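Numbering-wise (the working numbering), the first sequence opens with residue 196 and increments by one.
All C-beta atoms, glycine included, are put in the ideal place defined by N, C-alpha and C.
Predicted model only: the values in this text are computed from it and were never measured.
Taking it in order: structure first as structure tokens, then the write-up.
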Amino acid sequence: MSSENERQGGGAEGAGPEQLALIRETVRKAKVPKAKPRTWRGAALAKELPVARVVVNKGVLHLDQYFDYAVPEELDADAQPGVRVRVRFGAGARNVRDGRREGGGLIDGFLVERRAESDYSGPLAALAGVVSPERVLSADMLALARAVADRYAGSLADVLQLAVPPRNARAEAKPSPEPCPPPPEPAAATWERYPQGPAFLRALADGGAPRAVWTALPGPHWTQEIARAVGATLASGRGALVVVPDGRSAGRVDAALTELLGEGRHALLTAESGPERRYRQWLAVRRGAVRAVVGTRAAMFAPVERLGLVVVWEDGDSSHSDDNAPFPHVREVLELRAAHDKCGFLLGSTSCTVEAAQLVQSGWAAPLVADRAVVRAAAPLVRTVGDGELARDEAARAARLPSLAWQAVRDGLKTGPVLVQVPRRGYAPRLACARCRTPARCGQCAGPLEAPDERELRCTWCGTAETDWHCAECGTNRLRAQIVGARRTAEELGRAFPAVPVRTSGRDHVLDSVPGRPSLVVSTPGAEPVAEGGYAAALLLDGWAMLSRPDLRAGEEALRRWISAASLVRGQSEGGTVVVVAEPTLRPVQALVRWDPVGHAVRELAERAELGFPPVSRMAEAVGRPEAVEAFLMAAQLPPDAQVLGPVPLPVADPGRPRRPGDPPVGERWERALVRVPPGSGAALAAALKAAQAARLARGGGDPVRIRIDPPDIG
DNA sequence: AGCACGCCGACT
DNA sequence: GTCGGCGTGCTC
Numbered sequence: 196m197s198s199e200n201e202r203q204g205g206g207a208e209g210a211g212p213e214q215l216a217l218i219r220e221t222v223r224k225a226k227v228p229k230a231k232p233r234t235w236r237g238a239a240l241a242k243e244l245p246v247a248r249v250v251v252n253k254g255v256l257h258l259d260q261y262f263d264y265a266v267p268e269e270l271d272a273d274a275q276p277g278v279r280v281r282v283r284f285g286a287g288a289r290n291v292r293d294g295r296r297e298g299g300g301l302i303d304g305f306l307v308e309r310r311a312e313s314d315y316s317g318p319l320a321a322l323a324g325v326v327s328p329e330r331v332l333s334a335d336m337l338a339l340a341r342a343v344a345d346r347y348a349g350s351l352a353d354v355l356q357l358a359v360p361p362r363n364a365r366a367e368a369k370p371s372p373e374p375c376p377p378p379p380e381p382a383a384a385t386w387e388r389y390p391q392g393p394a395f396l397r398a399l400a401d402g403g404a405p406r407a408v409w410t411a412l413p414g415p416h417w418t419q420e421i422a423r424a425v426g427a428t429l430a431s432g433r434g435a436l437v438v439v440p441d442g443r444s445a446g447r448v449d450a451a452l453t454e455l456l457g458e459g460r461h462a463l464l465t466a467e468s469g470p471e472r473r474y475r476q477w478l479a480v481r482r483g484a485v486r487a488v489v490g491t492r493a494a495m496f497a498p499v500e501r502l503g504l505v506v507v508w509e510d511g512d513s514s515h516s517d518d519n520a521p522f523p524h525v526r527e528v529l530e531l532r533a534a535h536d537k538c539g540f541l542l543g544s545t546s547c548t549v550e551a552a553q554l555v556q557s558g559w560a561a562p563l564v565a566d567r568a569v570v571r572a573a574a575p576l577v578r579t580v581g582d583g584e585l586a587r588d589e590a591a592r593a594a595r596l597p598s599l600a601w602q603a604v605r606d607g608l609k610t611g612p613v614l615v616q617v618p619r620r621g622y623a624p625r626l627a628c629a630r631c632r633t634p635a636r637c638g639q640c641a642g643p644l645e646a647p648d649e650r651e652l653r654c655t656w657c658g659t660a661e662t663d664w665h666c667a668e669c670g671t672n673r674l675r676a677q678i679v680g681a682r683r684t685a686e687e688l689g690r691a692f693p694a695v696p697v698r699t700s701g702r703d704h705v706l707d708s709v710p711g712r713p714s715l716v717v718s719t720p721g722a723e724p725v726a727e728g729g730y731a732a733a734l735l736l737d738g739w740a741m742l743s744r745p746d747l748r749a750g751e752e753a754l755r756r757w758i759s760a761a762s763l764v765r766g767q768s769e770g771g772t773v774v775v776v777a778e779p780t781l782r783p784v785q786a787l788v789r790w791d792p793v794g795h796a797v798r799e800l801a802e803r804a805e806l807g808f809p810p811v812s813r814m815a816e817a818v819g820r821p822e823a824v825e826a827f828l829m830a831a832q833l834p835p836d837a838q839v840l841g842p843v844p845l846p847v848a849d850p851g852r853p854r855r856p857g858d859p860p861v862g863e864r865w866e867r868a869l870v871r872v873p874p875g876s877g878a879a880l881a882a883a884l885k886a887a888q889a890a891r892l893a894r895g896g897g898d899p900v901r902i903r904i905d906p907p908d909i910g
């Protein structure tokens, strides 16, 4: 981890503005001789280290630097590094010559250092107050936040906002429990299914820092396996941190930890527990009373004392991307923590992202995988029904499902629950002609059409309603709408097996688990309940929609969703069967059939390396109105090996996706430029973009341009 | 983003 | 002379 910009923040990199500032400073010095740590309004200052270095809680990039304040005597004791403070900040506070004016508002900040003197030449304002003597920000956390800010071209204050939860006075007043002594080292148990598993635990228990990309076998054992890795780390006298994608998984790992370690040794940090309880848990961790943490993405910054292991589960899940500036990703932040704290690293998933494959290929982490024979026995039998096959087979079309699928459902229901994975509503694929498959386009602007409900057709670009669509190629007026079809198929399945109960799990109503009795469970991706004893069979109808998306990750994402649903099905040795409706020649489909997510990721990685795509290259995006993007790129001093792609009009957002801050205003066409650099120039790219953005904002902002490193969706 | 400072035209 | 327009630049 680089420690550039340690002092006085990471703001202006360019020499020009700094030199100007220097000249101004000298002029001012000449005018106001000897502006030493002078008392502000003559108040008494702390005798020792009277200067407090403060990071102010303003996320703006050009204020990403430390500011020095004088420490009044009465705040001396409480004003320790790491506490929250209040300071006057703003142009008004500067005018201290008449000792009366106190312009500038009070804002929050963190005190990061006490010093003997300031290198700021003007008179210092005094700290307005110490919010609480609780030292919430450690030196380690500050360094991590700095590294994350630099990695993502963001400001320290923005990252700190993610890393330190808002204060809650009631929670702070309560004492934290006494810390527990280290537990005994747990047995390896199901880790023995992986040849390197027991050795990995051993290394953790011995105080080592092993790093692994773990391809988990399908089934429910992963929670206990993570708990055992945590237990081994605790046994070495160190702490551990586990980050999972959602509250349900967090609850499962929490239960496994309680089972293995008992109550009181670990904390559960999720948004669901509410602010007071959450802050109390967080404080218990910060105070060193609790050494193990499991939580969702905000927990990636949990201030675990003497960190020995970080774990990320299912790194391909999109909820591991934070949606607040600067949009850090859990996997990347935990990589930075592992490097900085020299602790163990475990990335676990039933699937495999390209980034995970890269960690192995670069040698940064070791693979932790089971033997092929073990994988084959644990995974269900996967069969495919091709799209073309379905279209040709008249009988299947009439029944809306091929006979193979019917057969799998009928057989499965004899021995247990059957899972039916359907696409999310509003997750509209491109509509196409039902006969010749020509994409359906808007008559006004040729944009793609969507069907928000079954009776209405609308253009996703211009919004025009299409009332009388006919295929431009063959003239038919029948459209193919796979989403609607899949939902109806699920309903028809229910009617076809009237004796069997049908349960649904989706966005608004997510089931956690279902009993082992025969039933039909219809679920959207990510909301699949676990079944007691595993599902007897699964039917995956999500393929066509997923794979038709013009996204670099479409294949990886489809495979991930399929594998995570299929992982809930009994192994082949117990008769578990999966039928996926997708073209069998496609690479992700073949990878599912062979149950080879790593092979898929490795091949994707090779292809991306060849094409110069991330994560082999580092990419950043600049989004805004066309003139603004152009001006930004002109002004930015990009590294010499940077390559600018575009700008091109911003792809239209998925209909149904909620609007996020930073989205273009409705009706405005924004453009997006991608900037890419070869491996090794990522830091330089981030620094250049940050400097350009800071300079822009300092000059009054103007047209906003949104910068993002590693954008999650690049066409 | 705010907010003060400064260098221009109309006014008692 | 002086009040106040808003353009420019700083915030310890």
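- Here W409 has L541, L542, G543, L563 as same chain residues with Cβ atoms under 7 Å from its own Cβ, once five neighbours each way along the sequence are excluded.
- DSSP places P792 outside any beta strand (DSSP E); the residue lies instead in the alpha helix (DSSP H), whose first and last residues are 792-806.
- As the crow flies, the alpha-carbon of L464 is around 10 Å from that of P470.
- Taking the Cα of A404 as reference, the smallest distance to any Cα among E329, F496, S431 is reached at S431.
- Within the stretch 288-350, the beta strand (DSSP E) runs of at least 3 residues that lie entirely inside it are, in chain order, 300-310, 322-327.
- A straight-line Cα-Cα distance of about 10 Å links P809 and P906.
- A distance below 7 Å between beta-carbons, with the five flanking residues on each side excluded, links L828 to the following residues of its chain, in chain order: A817, V839, A868.
- Ranked by Cα distance from G511, the first of A749, W790, R782, A733 is A749.
- Leaving aside the five residues that flank L256 on each side, the residues in its chain whose CB is nearer than 7 Å to its CB run, in chain order, S350, K885, Q888, A889, L892.
- Between the stretch 438-447 and the stretch 498-516 there are three or more C-beta pairs closer than 8 Å, enough to call the two in contact.
- For Q391, the three-state secondary structure derived from DSSP is coil.
- As summarised for the stretch 673-730, the continuous beta strand (DSSP E) elements at least 3 residues long and confined to that stretch are 697-700, 715-718, given in chain order.
- Taken through DSSP and simplified to helix, strand or coil, W757 comes out as helix.
- Put simply, the backbone Cα of S759 is about 7 Å away from that of S546.
- Remark: C-beta atoms of A881 and R526 do not approach each other more closely than 8 Å.
- In terms of Cβ geometry, V250 and L355 form a close pair [threshold 8 Å].
- Ranked by Cα distance from T699, the options L652, F692, P693, V709 are led by V709.
- Inclusion of A424 and V506 in the CB contact set at 8 Å is warranted, their separation being smaller than that value.
- Take V448, set aside five residues on each side of it, and the residues of its chain with a beta-carbon closer than 8 Å to its own are T418, I421, A422, V437, V439, V489, W508, in chain order.
- Boundaries of the beta strand (DSSP E) harbouring G434: 434-438, taken from the DSSP string.
- A Cβ-Cβ contact shorter than 8 Å links G539 with G503.
- In the DSSP assignment, F827 falls outside any beta strand (DSSP E) and lies within the alpha helix (DSSP H) extending over 821-830.
- For V528, there is no enclosing beta strand (DSSP E); the enclosing alpha helix (DSSP H) covers residues 525-536.
- Taking the Cβ atoms as the reference, Q767 lies roughly 6 Å from A572, within the contact range of under 8 Å.
- Annotated three-state conformation of D271 is coil, per DSSP.
- In the DSSP annotation of this structure, the continuous segment of the alpha helix (DSSP H) that includes E471 starts and ends at 470-481.
- Residue state for V564 is assigned as coil, using DSSP reduced to three classes.
- For T428, the uninterrupted alpha helix (DSSP H) run begins and ends at 417-430, by DSSP.
- If you draw a straight line from the Cα of W790 to the Cα of V824, it comes to about 44 Å.
- Residues D510, G511, E751, A796 of the same chain have their beta carbon placed closer than 7 Å to that of T548, with the five preceding and five following residues left out of the count.
- In the DSSP assignment, R789 falls within the alpha helix (DSSP H) that extends over 782-789.
- Annotation for D263: the continuous beta strand (DSSP E) segment containing it runs 262-265.
- For the set G392, P720, P376, the Cα lying nearest the Cα of P618 is the one of P720.
- The Cβ atoms of E723 and L614 sit closer than 8 Å to each other.
- Within the DSSP bridge table, the entry for C628 names L674 as partners.
- According to the DSSP secondary-structure assignment, S516 is paired through a beta bridge with H524.
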